[in-house]
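Here the structure comes first, spelled out in structure tokens, and everything after it is commentary.
In this note's numbering, the protein residues as written are 3 to 153.
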């Protein structure tokens, strides 16, 4: 897709509110929680960032980096979170490009190991992620898969 651009939120801070609302609509986490994390990133309090794929001005994919993605293994940090691609844009490599982008960016900041929780069993392996262990999600009855990516 020729009009797609991949950015960090620091490159386009003016779309912070739109990004927070977009993630909220996809995952149901309160918009305020996203805004708090994004504000910490934009102010330089953390290097845990937010990454977006835009088709023109429309957000069509995104993900973030947070300390812990609502699971019991607080020692496994930081976590890639909220990975999402709009349905009409799936199977076009967007999520893979976002995953590669976040890994390169975090490695440039000295973070060489990232973690990710997901129920998917084969998707992330295509992009260099490896199954690490099962973790207990906060308030979740079932265990979920934890992946690791080392740069």
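Don't be surprised by glycine CBs; every beta carbon is placed ideally from N, CA and C.
| query | result |
| --- | --- |
| Residues that residue 42 bridges to, as DSSP identifies them | DSSP output for residue 42 lists no bridge partner at all. |
| Cut-off 7 Å between Cβ atoms - residues of its own chain near residue 102, not counting five sequence neighbours on either side | 129 |
| Rounded separation between residue 5 and residue 34 - CA only | 30 Å |
| Per-residue burial, residue 93 [other beta carbons within 10 Å of its own, 16 or more giving buried] | exposed |
| Coarse secondary structure for residue 88, derived from DSSP in three states | coil |
| Buried/exposed call for residue 40, threshold 16 Cβ in 10 Å | buried |
| Given 8 Å, three or more beta-carbon pairs between the region 139-148 and the region 95-113 | no |
| Residue 119 and residue 104 closer than 8 Å at C-beta | no |
| Span separating the alpha-carbon of residue 77 from that of residue 49 | 18 Å |
| Entirely enclosed beta strand (DSSP E) segments - the region 116-143, minimum 3 residues | 132-138 |
| Residue 25 burial status per 10 Å Cβ neighbour count (16 or more: buried) | buried |
| Backbone CA spacing between residue 125 and residue 47 [nearest angstrom] | 32 Å |
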